[in-house]
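Trainee: Residue numbers (the UniProt record's numbering): 1 to 137.
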Amino acid sequence: MPSSIHGFGIFAVKEFKKNTVLTEYKGRSLNNDEANRIEAERGEDAETYLFRVSKDRVLDASGSTSLAHYINASCDPNAEAVIEDERIFIVATKKIKKGAEILLNYNFEKINGGFLIRCNCGSRFCKQFMDINPSLY
Ligand SMILES: [Zn+2]
Numbered sequence: 001m002p003s004s005i006h007g008f009g010i011f012a013v014k015e016f017k018k019n020t021v022l023t024e025y026k027g028r029s030l031n032n033d034e035a036n037r038i039e040a041e042r043g044e045d046a047e048t049y050l051f052r053v054s055k056d057r058v059l060d061a062s063g064s065t066s067l068a069h070y071i072n073a074s075c076d077p078n079a080e081a082v083i084e085d086e087r088i089f090i091v092a093t094k095k096i097k098k099g100a101e102i103l104l105n106y107n108f109e110k111i112n113g114g115f116l117i118r119c120n121c122g123s124r125f126c127k128q129f130m131d132i133n134p135s136l137y
């Protein structure tokens, strides 16, 4: 379904309670060298699909059949990414009504230094740039 934020978004088909696991963010597991190479090849767009799960591993969701990587980022999210054993689970942080767009704080981090990712979420809480997750450094 088209989202007002960016490309396609993911919308709740039913109501979800707080703390429900909505989906798993699946991808190919890469080591840092592989992730850095992909990031260099794809440039800024790579960040959208590369998701760090530990100091040594990054999941690459491009080409994944899981839809989790279509979830848009927001500074006023209703879900968060919980990393467990190098897997990523998308968990509701509040009650999500049927039909609401699932929005995530991606807590992006830079794999190889460099750029911040601009946020277009349109929330009145928008911080202009997506958050960096310091716990993964
Ligand atoms: Zn924002």
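Note that the Cβ used here is the ideal one computed from N, Cα and C, for glycine as well.
Within 10 angstroms of the Cβ of G63, are there 16 or more other Cβ atoms? Answer buried if so, exposed if not.
Mentor: Locating residue 63 in the sequence shown gives position 63, where the first residue counts as 1. It is exposed - the Cβ of G63 has fewer than 16 other Cβ atoms within 10 Å.
Trainee: Can you name the start and end residues of the alpha helix (DSSP H) that E80 belongs to?
Mentor: The residue you call residue 80 lines up with position 80 of the sequence shown. No alpha helix (DSSP H) holds E80; the beta strand (DSSP E) holding it covers A79 to E84.
Trainee: Under 7 Å between the Cβ atoms of I83 and L104?
Mentor: Taking the sequence shown and counting its residues from 1, the one referred to as residue 83 is at position 83. Taking the sequence shown and counting its residues from 1, the one referred to as residue 104 is at position 104. No.
Trainee: Which of helix, strand or coil does DSSP assign to residue 138?
Mentor: Residue 138 is absent from the structure shown; the chain starts at 1 and stops at 137.
Trainee: Report buried or exposed for G27, applying the criterion of at least 16 other Cβ atoms within 10 angstroms of its Cβ.
Mentor: For the purposes of this step, residue 27 is taken as residue 27 along the sequence shown, with counting starting at 1. Buried: at least 16 other Cβ atoms inside 10 Å.
Trainee: How do the region 19–38 and the region 49–68 stand: do at least 3 beta-carbon pairs fall below 8 Å, yes or no?
Mentor: At 8 Å Cβ cutoff, the stretches touch.
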